[in-house]
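These notes concern the structure reproduced below.
2 protein chains.
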Amino acid sequence: MRRWKLTVAYDGTHFHGWQRQEVPGGEPLRTVQGVLESTIRSTFSIDVRVVGASRTDSGVHARAQVAAFDCGIEIDGERLARAISARLPDDVAVIAAEPVHEGFDPIGDCVSKGYRYTFRDACPNAHRAGVFERLWVAATPHAVDPARMQAAAGLMVGTHDFAGLAHSIEDRATTVRTIHGCSVRRMPDGTIAIDVSGTGFLHNMVRILAGTLLDVGRGHREPGHVRTILASRDRSLAGPTMPAQGLCLEWILYPKTGRQA
Amino acid sequence: MRRWKLTVAYDGTHFHGWQRQEVPGGEPLRTVQGVLESTIRSTFSIDVRVVGASRTDSGVHARAQVAAFDCGIEIDGERLARAISARLPDDVAVIAAEPVHEGFDPIGDCVSKGYRYTFRDACPNAHRAGVFERLWVAATPHAVDPARMQAAAGLMVGTHDFAGLAHSIEDRATTVRTIHGCSVRRMPDGTIAIDVSGTGFLHNMVRILAGTLLDVGRGHREPGHVRTILASRDRSLAGPTMPAQGLCLEWILYPKTGRQA
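Top line first, the protein sequences correspond to chains A and B. Just so you know, we're using the working numbering here: the first sequence kicks off at 90 and counts up by one. Just so you know, we're using the working numbering here: the second sequence kicks off at 90 and counts up by one.
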């Protein structure tokens with residue numbers, strides 16, 4: 090038996106998020122975990138459980154989600170990735186597979202994660218980006234100033250209680266998280282990209298962080314308002330939860346995952 | 090009554106092409122023309138026929154298709170484009186509207202058109218591009234040499250009988266067309282882009298031209314083979330018809346369309 094680390098890319102548009110969801114008396118919802126498990130099962134005739142590092146929500150994308158599963162078949166990583174990908178639907182792909190030590194835990198071993206939130210501002214038709222980017226880019230009718238957003242983003246960095254920037258925190262032991270970096274840039278194509286990295290994120294945290302920075306960028310709030318949100322732990326002071334399609338899990342960092350092979 | 094020239098962008102993935110298609114005893118197929126006509130109808134409570142410059146096939150995209158329709162409502166172009174776009178589904182948008190002289194004919198007045206065909210070569214999983222580009226980029230397992238493709242592309246330029254590079258030509262008065270330019274480049278993202286412009290194109294001509302250049306690029310044919318295809322008028326000597334998703338109508342040029350406003 091060997092544990093494998095998979096790097097998985099997906100277009101989240103037509104997935105009900107990462108995590109397998111059973112529907113009592115019905116077909117399970119289409120999720121990335123569910124599709125991966127059933128594809129691996131049918132490819133190798135084995136029963137598997139695929140554990141993902143990040144439970145991305147419905148509609149959220151990933152360039153490099155990380156997942157682990159155990160498998161007794163002797164095969165090299167490149168062939169494994171190709172064999173699974175060839176049978177996956179075209180909106181998800183295994184872009185790498187490497188053997189890892191048997192205790193590798195994609196959630197617990199994670200050192201940091203990076204997300205990007207992308208939106209287009211000053212969209213004449215209120216809430217839609219262009220037809221060729223609408224699946225990955227959110228839109229706002231307001232024009233924003235990235236420099237104002239960056240001033241607010243800098244205040245997110247550090248170890249804070251992010252209760253005011255999260256959804257459904259009741260089941261969390263702690264709402265303290267550490268943000269390593271948060272930068273805002275206007276990209277060559279005119280979209281605004283918010284890159285945020287940290288040890289972990291609360292539910293909807295990146296999308297609420299993006300909505301809060303947008304409020305600042307359009308002049309609705311001052312950058313220093315971020316301090317008030319963090320101190321108050323009050324969700325109602327933060328900006329809106331931005332739509333899922335603008336969010337992408339970009340990378341997940343692990344300490345050197347000593348190969349077993 | 091005023092004639093309007095619309096510039097229309099669409100993601101062709103979920104359209105059965107441009108042209109309205111009635112289904113006897115059933116719902117009409119979802120086409121760009123059909124969706125535009127029904128949206129304009131419901132927006133302004135008028136009955137319209139929208140005439141497109143190019144009858145793009147099922148799955149083919151457009152950044153700037155041109156269409157014309159007549160309308161008695163007094164409105165300025167920017168408001169007209171916004172009013173229609175706001176009610177269109179999110180995979181099609183009117184990006185500009187301008188009043189034109191009453192004899193403007195989007196098909197007959199066209200001076201030239203530009204298409205781009207985009208594919209990714211050396212794809213490990215045979216026939217699929219990445220999950221974030223699969224809707225607009227075709228894929229091939231073969232590695233190609235763009236310089237070889239360019240040598241073949243240069244032989245396409247000029248006025249030739251393109252019968253060997255077209256599908257279902259029986260109903261055409263002539264299969265002679267003029268290609269103004271045909272260039273092949275590897276783009277910064279690693280994809281191969283074939284840009285071709287000309288007075289007009291036969292059915293499937295750009296997709297067969299792309300398949301023929303791909304055959305040359307992978308070393309399966311010599312660049313000079315293009316001369317043989319053109320001279321023979323024999324479709325069986327040309328390359329495969331490349332898939333629709335790689336094709337995009339980029340622009341259509343008209344002589345100065347004297348404004349009426």
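Cβ atoms here follow ideal geometry from the backbone N, Cα and C, with glycine treated the same way. Remember, it's a predicted structure, so these values are computed and weren't measured experimentally.
- Taking a contact to require three or more Cβ pairs closer than 8 Å, the stretch 313-323 of chain B and the stretch 286-294 of chain B do not qualify as touching.
- The beta-bridge partner set that DSSP reports for B/GLY270 consists of B/SER286.
- Under the rule that a run must span 3 or more residues, the beta strand (DSSP E) segments found entirely inside the stretch 112-170 of chain B read 150-160.
- The C-beta distance from B/ILE297 to B/GLY328 rounds to 7 Å, short enough to meet the 8 Å contact threshold.
- Within the stretch 150-182 of chain B, the residues whose Cβ lies closer than 7 Å to any Cβ of chain A are, in chain order, ARG171, SER174, ALA175, ASP179, ASP180, VAL181 and ALA182.
- Secondary structure at B/ALA255: coil, using DSSP grouped into helix, strand and coil.
- Here DSSP, grouped into helix, strand and coil, assigns A/ILE196 to coil.
- Contact between A/ALA157 and A/ARG92 holds: their C-beta atoms lie close to 6 Å from each other, under 8 Å.
- Shown here for A/GLY101: same chain residues with a beta carbon closer than 6 Å to its own, the five before and five after excluded, namely GLY148, VAL149 and HIS150 in chain order.
- In the three-state reduction of the DSSP assignment, B/LEU319 falls in the helix class, which pools H, G and I.
- A direct Cα-Cα distance of roughly 8 Å separates A/PHE221 from B/ASP180.
- Per DSSP, the unbroken alpha helix (DSSP H) holding A/VAL305 starts and ends at 294-306.
- Residue range 181-189 is occupied by the beta strand (DSSP E) that includes B/PRO188.
- Annotation: B/ARG152 to A/LYS345 spans about 45 Å, alpha carbon to alpha carbon.
- Proximity of B/PRO230 to chain A, defined by a Cβ-Cβ separation below 8 Å, is not satisfied.
- Under the Cβ criterion (8 Å, minimum of three pairs), the stretch 174-191 of chain A counts as touching the stretch 217-237 of chain B.
- Straight through space, the alpha carbons of A/VAL155 and A/SER143 are spaced by roughly 8 Å.
- In the three-state reduction of the DSSP assignment, A/LEU244 falls in the coil class.
- Put simply, of B/GLY306, B/THR267, B/GLY253 and B/VAL137 the residue whose alpha carbon is nearest the alpha carbon of B/ASP234 is B/GLY306.
- Take the alpha-carbon of B/ARG266 and the one of B/ASP136: they are about 36 Å apart.
- Contact between B/THR132 and B/ALA172 holds, since their C-beta atoms are separated by about 6 Å, short of 8 Å.
- For B/CYS212, DSSP assigns no beta-bridge partner whatsoever.
- Among the CB atoms of chain A, none fall inside 8 Å of the CB of B/ASP234.
- Taking 8 Å as the upper bound for CB-CB distance, B/GLY203 and B/GLU111 are not in contact here, some 31 Å apart.
- The Cβ of B/GLY279 sits no closer than 8 Å to any Cβ of chain A.
- Within a 10 Å sphere around the beta-carbon of B/LEU342 sit fewer than 16 other beta-carbons, which makes this residue exposed.
- Cβ atoms of B/ALA242 and B/LEU336 stay farther apart than 8 Å, at about 16 Å.
- In this structure, A/GLU126 is the residue among A/THR207, A/HIS314, A/GLU126 and A/PHE193 with its C-alpha nearest to the C-alpha of A/SER174.
- The continuous beta strand (DSSP E) containing A/THR96 extends over residues 91-99.
- For A/ASN293, there are no neighbours in chain B by C-beta distance under 7 Å, as the nearest C-beta there is about 23 Å away.
- In the DSSP assignment, A/GLU339 falls within the unbroken beta strand (DSSP E) covering 336-342.
- Collapsing the DSSP output to three states places B/ARG310 in coil.
- For B/ARG237, DSSP records no beta bridge to any residue.
- Here DSSP, grouped into helix, strand and coil, assigns B/THR207 to strand.
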